[in-house]
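Residue numbers (my numbering): 3 to 588. Here's the structure, in structure tokens; my notes come after.
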């Protein structure tokens with residue numbers, strides 16, 4: 003790799019790409035700065051014979067500014083402190099033969115390392131892997147880990163993308179978590195942010211053309227992926243993804259807000275990323291997930307053999323929105339565009355996106371591209387995630403206080419549908435701990451964050467400025483930690499376990515090679531029917547009534563085998579909150 007310290011026969015080679023300066027110095031902790039050699043194309047090198055693992059260092063710019071290595075592997079004193087030399091080859095993997103799991107087998111569990119346990123560390127997370135395995139989880143999706151400023155953060159303000167944040171433990175601890183997950187047959191995906199850098203601790207613009215004013219994002223100027231000097235910026239990001247895949251043996255990524263990655267190059271950064279990450283992984287199963295506000299189905303295309311071309315799947319907010327309305331009755335903001343009838347859920351389950359190029363009133367313009375030709379496994383369904391909880395005024399898990407029969411109905415739909423399901427930590431036992439937005443900057447930035455959150459959330463009905471949690475307060479972060487003492491055998495936990503066991507036994511075997519673009523849905527009021535053609539010459543059928551009153555069937559009951567029933571039917575009517583799944587010969 004081009005970035006970060008390299009171990010050579012002569013010693014440790016320190017490298018910095020700083021094209022905006024003709025001279026740069028290397029400063030080892032406790033020593034005077036040493037002028038580095040300019041070796042061309044903006045690179046500066048210096049080899050230290052007596053440096054070793056644990057050596058701490060900074061680079062010094064001509065104006066005296068001391069900066070960490072942008073490819074630092076570990077920051078023991080936060081983003082403004084020195085970088086530490088790390089040799090990850092010392093870690094001895096127990097799962098050297100791990101090749102990953104096929105995508106069809108995924109049941110994803112999204113977690114924030116700092117809030118998943120009271121300790122908030124990689125090591126502490128390992129202690130709960132047996133529980134997740136027994137639950138039926140086959141993949142962790144870990145919120146961003148890159149070194150961020152301060153004591154706590156959601157992770158989307160990271161500035162040193164190669165360094166796991168020190169608050170969670172050392173890089174070797176993260177490797178141990180991945181290793182332990184693999185021992186239990188659990189894949190590990192990492193949420194990565196390649197659309198912006200955080201507002202504090204990002205020194206790269208002081209010595210390299212990181213940003214460009216040719217593109218704008220919600221966070222300011224876009225990252226320079228297509229202008230002067232962009233070749234090395236692109237390489238810095240692509241090598242970062244390869245670093246996680248090869249050094250930490252991760253099984254894939256969730257790419258944050260890819261619609262905000264602007265690039266007019268001949269090969270878009272996203273295409274280059276997907277191509278090179280898959281090449282680096284070789285024969286291992288590696289899965290690439292996107293979050294995409296534009297619902298651009300082009301990124302999810304399959305080839306003539308039905309194999310993934312670029313990205314494996316997308317978070318499908320559309321399924322969430324319809325299920326959320328069903329469970330809560332909330333129709334404010336963008337939820338209003340998904341309210342009205344069960345047909346919107348039917349379209350999301352059968353075709354992927356509700357909006358496939360149609361005008362969306364909330365946005366004031368069209369949204370999405372046709373998606374009905376894609377297999378259901380190109381979409382990830384959920385009823386909770388960090389955004390949908392954390393971007394509420396109080397970060398409350400409203401589903402935790404919804405009626406049990408309603409919650410069971412929406413859970414039975416999204417856990418057994420052919421789409422890939424994703425749980426948010428604690429959801430399965432009805433955890434009531436909120437997940438509010440939190441961060442920890444200096445006081446000036448903290449006040450800007452507080453003001454911005456007030457303005458953003460004030461548009462929500464029922465918002466009371468006096469009730470808003472201070473996103474920068476330690477107490478806000480503390481409220482988001484799961485309370486494992488409340489995990490006991492319960493009706494809802496048993497319900498999740500039963501459904502996931504059923505999914506693995508009856509649904510998963512029918513997903514590999516399932517045809518695309520052949521699902522159909524019918525709806526009337528709160529009643530819904532969806533049919534999918536799957537593998538092994540089988541069809542999967544859903545009949546549901548997602549309302550508080552009885553509703554007539556919208557299609558004839560199928561003669562296949564009923565594999566799950568919640569609620570009931572009387573003649574041609576479905577009882578309130580009824581969900582029936584069956585399988586028949588195609």
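All residues carry an ideal CB built from backbone N, CA and C; glycine is no exception. It should be emphasised that the depicted structure is a prediction, and the values quoted were computed from it without experimental measurement.
Check	Outcome
Please report the straight-line C-alpha distance between residue 545 and residue 191, rounded to a whole angstrom.	33 Å
Comparing alpha-carbon positions, which option in 162, 108, 82 lies nearest residue 239?	162
What is the residue span of the beta strand (DSSP E) that residue 215 lies within?	213-219
Spatial neighbours of residue 86 within its chain, please: CB distance less than 6 Å, with the 5 preceding and 5 following residues excluded, ordered by chain position.	58, 76, 78
When DSSP labels each residue in this structure, what does residue 535 get in the three-state scheme?	strand
Do three or more CB pairs link the region 310-319 to the region 380-394 at distances below 8 Å?	yes
Who are the near neighbours of residue 569 in its chain, counting only those whose CB is closer than 6 Å to its CB and skipping five residues on each side?	577, 579, 580
Looking at residue 321: is its Cβ nearer than 7 Å to the Cβ of residue 340?	no
Could you tell me which uninterrupted alpha helix (DSSP H) segments, each at least 4 residues in length, are contained entirely in the region 75-127, listed from first to last along the chain?	115-118
What are the start and end residues of the beta strand (DSSP E) that includes residue 15?	13-19
Any idea which residues DSSP pairs residue 583 with across the strands?	544, 566
Of all the options 201, 396, 100, 23, which has the alpha carbon lying nearest to the alpha carbon of residue 285?	100
For the beta strand (DSSP E) holding residue 424, just list the boundary residues, first then last.	422-426
Which residue's Cα is closest to the Cα of residue 117: 105, 18, 103, 169?	169
Within 10 angstroms of the Cβ of residue 387, are there 16 or more other Cβ atoms? Answer buried if so, exposed if not.	buried
Quick check: residue 73 and residue 5, are their CB atoms within less than 7 Å of each other?	yes
Please state the DSSP three-state secondary structure of residue 270.	coil
Quick test of your reading: residue 534 and residue 518, contact by CB under 8 Å. State the CB separation rounded to the nearest angstrom.	Not a contact, Cβ separation roughly 10 Å.
Three-state secondary structure (DSSP) at residue 244?	helix
Sort 392, 397, 393, 432 by Cα distance to residue 410 and report the nearest one.	432
Measure the C-alpha to C-alpha separation of residue 282 and residue 149 and round it to an integer number of angstroms.	24 Å
Should residue 556 go down as buried or exposed, given a rule of 16 or more other Cβ atoms within 10 Å for buried?	buried
Using 10 angstroms around the beta-carbon of residue 95, count the other beta-carbons present and answer buried if the total reaches 16, otherwise exposed.	exposed
Measure the beta-carbon distance from residue 343 to residue 287 and round it to whole angstroms, keeping in mind my assumption that it falls under 8 Å.	Contact flag wrong, Cβ pair sits at about 39 Å.
Among the candidates 241, 246, 134, 272, whose CA atom is the shortest distance from the CA of residue 2?	In the structure displayed, the chain extends from 3 to 588; residue 2 sits before or after that span and is not available.
Residue 377: which of 92, 515, 8 sits nearest, CA to CA?	515
Along the chain, where does the alpha helix (DSSP H) containing residue 163 start, and where does it finish?	Not the alpha helix (DSSP H): residue 163 falls in the beta strand (DSSP E), residues 162-166.
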